[in-house]
Amino acid sequence: MSVEVRVGLLILVAIALLGGFIFVLGGVELGDQYSVYVDFDNPGSVQPGASVNIGSIRVGEVEGIEYWGQKLDPDTGRRPMIRMHVRIDTEVQETIHEDALFYVTSQSVLGESIISIDPGDPEKPHLEDGAVVEGVDPPRLDLAFAMAYELLEGMTRLLRENREDLGDLLSSAASMIRRADAFFAEHDDRLDRVMENIETATSQTNELLTTANDTMNGRVQRVLRNLDGTLARVSRDIDPIMTDVRSLATKADDAMDTLGPEQRQQIQEILAEAERSVNDAREIVAHIRSGRGTVGAFLMDEEVYDDVQEMLRDLKHNPWKLFWRE
Amino acid sequence: MTVRSKDVGLFEAAINVLKDFRAVWRVFTKTLYYLFRGKREKGEIARQMFHVGNESLFFMCITMAFIGAIITFQTGLQSKKLLPDFSLMGATYLKLLVRDLAASVGALPLATRVGAGIAAEIGSMVVTDQVDALRMCAADPIDYLVVPRFIACVIMGTVILVIGGFVAYGAGMLVAFVSFDVNPHTFNNLMYLNLGDLVLGFLKCLVYGAAIAIVSAQRGLATFGGSEGVGWATTEAVVGSCFAIIVLNLIISTVGYFLVPGVGPM
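The following block contains the structure:
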């Protein structure tokens, strides 16, 4: 083999290696691909050329990222902040459905951010070429860190500026805890008894409530049922009752309107007279009940009753005594 | 070169470096001139390419394999202390290799072998008055001696460095798998690499090949003092080539950082 051939072969090997490397590096896709546009508010650090995976399998790449700035998209009615152009292998198109989730993840702990796809419900239709979907934003760790930093800074400032007060507070708390501890140690037996009593009382209360519940439950339910029926009847009859009352009140008003001042004065006098008569009657009844007077003695005195009974018995045996006195 | 002037002061050494640079620049410009205008012996370029490329292949492959293995092993050991995650080891190593190490580190052993050979060959011709004989025949030694070696170094230096880079990558992949259980599929990660890195690395290969040829040829042509002078010329050729590689690496990396698209922080 001549020198020229050997040199040529070595050059060809190097060219083949370099060419293959450029081919792989360029990410040349041999199969067909289709486009999907994914809207994000904040896609993190995903860059054009980033891998698009299902599971850990690469099925496409991020073609481009466009800033929309919440401009209205008339086709979707959404206002995306970022719209990402994703190219996906056509051979997996049938497996990515309309409810597929496009979310940002990373290849490893410190790895590059990529787009991962959850394919969605197999019963639903697959995503068409040019479809626009809404992506799942990654968690804002930077925001969380910023807020945590602010919180820590505030706490640090609080501790620094109120060091004496916090020291007093802590010493007071420590003193209180010591006293409480000493109190519990000193009254340990008593506290045990108190706890036992509380436990006993609780148990008895439970038993009482159980018994009362068993006893009263039927009665209470009956009462409630009756009350419920009464209320239902009242509710049903209240309208005619109220109508009658209103009618009666109206008639009473009419009757009162027909009376003049003199008649009203006479009625008041009659009522006063009636009241006096009632009072006299009450006094008479009270006089009789006290056994005073003839009628009172006759009605209330047992001796008079016995005498009359004996007289009647005697007259029954000796009727002639009506006409003849011994 | 300053190597022979151990007893000179710092200022004189700097003057010597500038004089050497001017001499190298003169050889370089004349080489470029004869590259397009000169007449070369038939088959000379192929012979020089064989010497630079094919005869250096085994040496370069072994050297780059060891370099790749050592870099990966040390990188793995150090990163293990920080974070026991080797998933990006291959990606970062490949970025570093393509952007810098394959060309810059590979060019140093290539300079020791090829540069020393060129300086010794031309220096021997100088001390045996063969170069003067060429001049008496109205032939410029740069056209007849330097241009074929320049072409051979630029082309075959690039070829050797590209192959050496692949060997270093393969060795690194093997060490990562054996020492740190990094799957070759995981190691073979191009995510941090872009075309700008490749352009920059390729440019370095071309420039380093040219620098080795020019510096070594200039040292050979400047040889004096018999066989001892040839020895000094060989040493100075290796030192000068390595120095040129390092300085050019700094310049190209700095310019490439700003100009070549895609080259920048990862």
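Quick note, the sequences are listed as chains A and B, same order. According to my numbering, the first sequence holds residues 35 to 360 in order. According to my numbering, the second sequence holds residues -5 to 260 in order. C-beta atoms are modelled at their ideal positions from N, C-alpha and C, and glycine is treated no differently. Everything numeric in this text was worked out from a predicted model, so none of it was measured.
| Query | Result |
| --- | --- |
| Glutamine 72 of chain B Cβ short of 7 Å to the ligand ZN heavy atom set | No copy of the ligand ZN appears in this structure; indeed no ligand is present at all. |
| Cα-Cα separation, isoleucine 99 of chain A to methionine 115 of chain A | 11 Å |
| Local Cβ density within 10 Å of leucine 46 of chain A, reported as buried at 16 or more and exposed below that | exposed |
| Environment of alanine 178 of chain A [buried if 16+ CB atoms lie within 10 Å] | exposed |
| Beta-carbon neighbours of glycine 47 of chain B, restricted to chain A and to distances below 7 Å | Val41, Leu44 |
| Assigned secondary structure, aspartate 107 of chain A (DSSP; H/G/I helix, E/B strand, else coil) | coil |
| Where glutamine 67 of chain A falls: helix, strand or coil (DSSP) | strand |
| Anticipated Cβ contact below 8 Å, alanine 134 of chain A with valine 167 of chain A, distance rounded | 7 Å |
| Rounded distance between the beta-carbons of glutamine 67 of chain A and isoleucine 122 of chain A, thought under 8 Å | 6 Å |
| Buried or exposed (CB count within 10 angstroms, at least 16 for buried), serine 85 of chain A | buried |
| For tyrosine 163 of chain B and leucine 91 of chain B, believed in contact at Cβ under 8 Å, the rounded distance | 6 Å |
| Spatial distance of phenylalanine 5 of chain B from leucine 12 of chain B (CA atoms) | 11 Å |
| Beta-carbon gap between serine 173 of chain B and leucine 104 of chain B smaller than 8 Å | no |
| Segment limits, beta strand (DSSP E) that includes arginine 24 of chain A | Residue 24 of chain A is absent from the model: chain A starts at 35 and stops at 360. |
| Beta-carbon proximity list for valine 121 of chain B, same chain, < 8 Å, skipping 5 on both sides | Thr217, Phe218, Gly219, Gly220, Ser221, Gly223, Val224 |
| Residues near phenylalanine 144 of chain B in its chain [Cβ-Cβ closer than 8 Å; skip 5 each side] | Thr25, Leu29, Ala204, Ala207, Ile208, Ala211 |
| Those runs of the alpha helix (DSSP H) which lie wholly inside the region 172 to 196 of chain B and span at least 4 residues | 178 to 181 |
| Endpoints, the alpha helix (DSSP H) within which alanine 227 of chain B is located | 220 to 253 |
| Contact with chain A by leucine 95 of chain B, beta-carbon distance below 8 Å | no |
| Contacts that isoleucine 56 of chain A makes with chain B (C-beta to C-beta distance below 8 Å) | Leu189, Leu192 |
| Contact under 8 Å by Cβ, valine 21 of chain B with alanine 146 of chain B | no |
| Residues sharing a beta bridge with methionine 83 of chain B, DSSP | Methionine 83 of chain B is not bridged to any residue. |
| Aspartate 271 of chain A versus leucine 265 of chain A: straight-line alpha-carbon distance, rounded | 10 Å |
| Closer than 7 Å at the beta carbon, the chain A residues around phenylalanine 44 of chain B | Val37, Arg40, Val41 |
| Continuous alpha helix (DSSP H) assignments of at least 4 residues falling wholly in the region 148 to 200 of chain A | 175 to 195 |
| N-terminal and C-terminal residue of the alpha helix (DSSP H) that valine 120 of chain B is part of | 110 to 121 |
| Cross-strand partners of histidine 221 of chain A (DSSP beta bridge) | Bridge partners of histidine 221 of chain A: none, in fact. |
| Per-residue contacts from leucine 51 of chain A into chain B (C-beta, under 9 Å) | Val156, Ile157, Gly159, Phe160 |
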